[in-house]
Structures are given as C-alpha cells and as structure tokens.
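S.K.: Can you read through this structure? Questions will come right after.
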Ligand code: FES
Ligand code: FES
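In the numbering used here, the protein residues as written are 32 to 217.
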C-alpha cells in the first residue's frame with residue numbers, strides 16, 4: 032500500500048466495523064459495492080444527480096457517489112441492508128411493498144433511504160426548498176411536498192405515483208405512532 036495514495040480506514044456500516052485499505056480517490060459507493068459486497072446501494076449516474084446511491088450518514092441522507100470513503104471514517108453509515116430492524120422491515124420498506132412503490136427496483140434502495148431521512152427531517156421541522164416562511168413549522172407532507180423533498184431521487188420507471196403514496200403512508204403511520212406514544216405518556 033502506497034501511503035501517498037491510499038490509506039487503511041475503518042468504516043462503521045450498519046453497526047459493524049469494516050477495516051480496509053482504499054485508494055484516496057475511492058468513493059464510498061465503490062467501497063460499499065466493490066470492496067464490501069454491500070450491493071444494495073446502487074450506482075446510477077455516478078455524478079450526484081439520480082439519488083440511486085443514497086445512504087444515511089449520521090442519520091442524514093447523502094449520495095455516496097460524491098462522498099470519498101476516507102471522509103466517511105468516523106461516521107455512522109446506514110445502507111439499505113441496515114434499514115430494517117432484524118427481520119422486521121422499516122415502515123418505509125413495508126409501505127413500498129404495500130403500495131407497489133417500485134417497478135424494476137433499481138432506484139428503490141435510494142428512494143427508501145432518502146424517504147427514511149426525509150420523514151425525520153420533516154418531523155424535526157426542517158423546511159423544504161419551497162417552504163414559504165422558514166420561521167414557521169414546515170407544511171404538511173402533502174404529495175406535492177413529498178415530491179419536492181424527494182426530488183433528488185429519480186425513478187426511470189416513472190413509479191412516482193406509488194412512491195409518493197408509499198412515502199405519505201409511512202410518514203402518516205409514523206405520526207400516528209408518535210401521537211399514540213405521546214397520548215400514552217400524557
Ligand atoms: S449514482 Fe450517486 S447520485 Fe446517481
Ligand atoms: S423502479 Fe425502476 S428506476 Fe425506479
């Protein structure tokens with residue numbers, strides 16, 4: 032290993048540590064797919080435009096084709112392989128199944144990772160790019176708001192109608208669960 036062009040790094044992925052040596056130019060996407068066999072994360076454009084490679088970094092969505100693997104050291108990386116809770120699907124995964132939120136499925140891992148983080152961003156009060164007044168609470172997750180917030184994830188099959196429905200259902204289920212929890216506490 033030439034230390035001027037490569038380094039040994041440890042990546043924390045889905046709760047497991049992976050140590051590997053990588054060329055400094057290796058993207059996180061290529062490290063996941065080509066070095067660690069985590070092929071659920073897909074390569075579409077490889078230039079940050081399609082969202083197929085979306086993963087979570089410290090809980091926030093990121094396109095892994097624009098992230099250097101060496102810069103991901105020390106971050107909590109979650110890929111589609113780590114979204115479920117053991118055998119129990121994440122509510123967003125279940126909603127994609129229930130509402131047929133895919134056709135070929137190539138964009139689906141990125142859509143799901145993005146939706147998981149997007150729903151949390153919205154719940155935390157983050158505005159979208161079209162929020163009129165960023166000082167007030169963000170607008171509800173209407174289909175238009177979901178389309179705006181998920182606009183970084185393209186679907187070449189055009190399964191957008193079902194994707195939006197699945198995301199809306201998962202977001203509503205999360206809100207209902209939160210209200211039930213708060214009601215139980217109150
Ligand atoms: S492959 Fe990363 S955004 Fe398209
Ligand atoms: S389901 Fe085929 S690209 Fe989205």
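Virtual Cβ for every residue (Gly too), placed ideally from N, Cα, C.
(1) Would you say residue 144 touches ligand 1, meaning its beta carbon is less than 8 Å from a heavy atom?
(2) The alpha helix (DSSP H) spanning residue 147 covers which residue range?
(3) Between which two residues does the alpha helix (DSSP H) holding residue 66 run?
(4) Compare the beta carbon distance of residue 138 and residue 99 with 9 Å and say whether it is the shorter of the two.
(5) Which same chain residues end up closer than 7 Å to residue 81 when comparing Cβ atoms and leaving out the 5 residues on each side of it in sequence?
(6) Is the stretch 88-95 close to the stretch 44-56, with three or more CB pairs under 8 Å?
(7) Kindly indicate which residue of 134, 157, 171 and 160 has the alpha-carbon position closest to the one of residue 191.
(8) Would you mind working out which of 149, 119, 66 and 86 sits nearest residue 180, comparing C-alpha positions?
(9) Can the beta-carbon of residue 60 be found less than 9 Å from the beta-carbon of residue 41?
M.R.: Judging by the given coordinates:
(1) The beta carbon of residue 144 sits no closer than 8 Å to any heavy atom of ligand 1.
(2) 139-154
(3) Here residue 66 belongs to no alpha helix (DSSP H), and DSSP marks it neither H nor E.
(4) no
(5) For residue 81, where only same-chain residues beyond five positions count, the Cβ hits under 7 Å are 75 and 185.
(6) The answer is no - the stretch 44-56 does not touch the stretch 88-95, with fewer than three Cβ pairs under 8 Å.
(7) 134
(8) 149
(9) In this structure, residue 41 does not lie closer than 9 Å to residue 60 by Cβ.
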